[in-house]
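>
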Amino acid sequence: SQTIHQWPATLVQPVGSPLSLECTVEGTSNPNLYWYRQAAGRGLQLLFYSVGIGQISSEVPQNLSASRPQDRQFILSSKKLLLSDSGFYLCAWSVGGGGETQYFGPGTRLLVL
Amino acid sequence: AQSVTQPDIHITVSEGASLELRCNYSYGATPYLFWYVQSPGQGLQLLLKYFSGDTLVQGIKGFEAEFKRSQSSFNLRKPSVHWSDAAEYFCAVAAGGYNKLIFGAGTRLAVHP
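So the sequence lines, in the order shown, correspond to chains A and B. Residue numbering for the first sequence follows the working numbering, starting at -14 and increasing by one per position. Residue numbering for the second sequence follows the working numbering, starting at 4 and increasing by one per position.
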């Protein structure tokens, strides 16, 4: 069966520090991968998605970047964190392109101080 | 532009009472619609989805949803709520390619004993 992992689970970082969040998927090949951010009391906003190794699409301009160095690994990064980067970051995967279900990881809670 | 509206930010019901969570979408083509549930500090779990066919969709945990094209709605229902149903519920529509999801802002459900 497929599983999705995210780490760390919780992170507290100072403003201006770098960021690296990792997401890995097991049990499937060539998945579509997604990064979402959920700000406090708000819905989910799609940040990035990837349909293959090295292929990244950004949905919103921001202080973050994403990379996919391996088929089942998706990394969210920042060179210098802002206060507004605080939130709950969720990784998800799906296969196919016809409205298939996305399956979500447990999330990383990021607090920037 | 595609969008999802969940008009109710908070809903409180008594245990054993019926529940209906509202969702309205804006999408030009035939939509793929989803309901997810999120427990505090956790990732999202799929409750049910609509792709085509029967407009009444059954999901997990006793939930169902009805797709009404004329009203652009996909409301979630449960005949008898349990205390463990207290969570946040998100409606989403798959928009564009690669299964990108647009989420509503969510409805937080509280259940009184």
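Even glycine gets a Cβ: it sits at the ideal position worked out from N, Cα and C.
(1) Do the region 96 to 115 of chain B and the region 26 to 46 of chain A make contact, defined as three or more Cβ pairs closer than 8 Å?
(2) Taking 8 Å as the limit between beta carbons, can you name the residues of its chain near B:ALA113, skipping five residues before and five after?
(3) Which chain A residues sit within Cβ distance under 7 Å of B:ALA108?
(4) From B:ALA4 to B:LEU36, what distance separates their C-alpha atoms?
(5) With respect to the beta strand (DSSP E) encompassing A:TRP20, which residues constitute its N-terminal and C-terminal limits?
(6) Determine which residues share a DSSP beta bridge with B:LEU24 and list them.
(7) Using the Cα positions of A:TYR21 and A:CYS76, report the straight-line distance between them to the nearest angstrom.
(8) Give me the chain A residues within the contact set of B:TYR101, using Cβ-Cβ distance strictly less than 7 Å, ordered along the chain.
(9) How would you call B:ALA95, buried or exposed, if buried means at least 16 neighbouring beta carbons within 10 angstroms?
(10) Would you kindly check if the distance between the Cβ of B:GLY100 and the Cβ of A:PRO91 is under 7 Å?
(11) Could you tell me whether the Cβ of A:LEU67 comes closer than 7 Å to any Cβ of chain B?
(12) Compute the beta-carbon to beta-carbon distance between A:VAL97 and A:ASP70, rounded to the nearest angstrom, for a pair I have assumed lies under 8 Å.
(13) Mind pulling the chain A residues with CB within less than 8 Å of B:ALA90?
(14) Determine whether the Cβ of A:PRO(-7) lies closer than 7 Å to any Cβ atom of chain B.
(15) Any contact of the region 71 to 89 of chain B with the region 23 to 32 of chain B, i.e. 3+ C-beta pairs under 8 Å?
(16) Closer than 8 Å, Cβ to Cβ, to anything on chain A: give me those residues from the region 36 to 52 of chain B, in chain order.
(17) What in chain B is Cβ-close to A:GLY72, meaning under 9 Å?
(18) Determine, for A:GLY89, whether the minimum Cβ-Cβ distance to residues of chain B falls below 7 Å.
(19) What are the start and end residues of the beta strand (DSSP E) that includes B:ALA97?
(20) Who are the neighbours of A:LEU49 on chain C, taking C-beta pairs under 7 Å?
(21) Taking Cβ to Cβ, would you say A:LEU32 is nearer than 7 Å to A:THR93?
Concretely, from the data shown:
(1) yes
(2) HIS13, ILE14, THR15, VAL16 and ALA89
(3) ARG27 and GLY28
(4) 16 Å
(5) 17 to 23
(6) B:LEU79
(7) 6 Å
(8) ASN17, TYR34, VAL36 and GLY82
(9) buried
(10) no
(11) no
(12) 5 Å
(13) Going along chain A, no residue has its Cβ under 8 Å from B:ALA90, so there is no contact; the nearest lies around 14 Å.
(14) no
(15) yes
(16) PHE37, TYR39, GLY44, GLN45, GLY46, LEU47, GLN48, LEU49 and LYS52
(17) What A:GLY72 touches in chain B: nothing, since even the nearest Cβ is about 13 Å away.
(18) Note on identity: in this sequence residue 89 of chain A is Phe, with Gly being the wrong assignment. Chain B contact via Cβ: present.
(19) 90 to 97
(20) No chain C is present in this structure, whose protein chains are A and B.
(21) no
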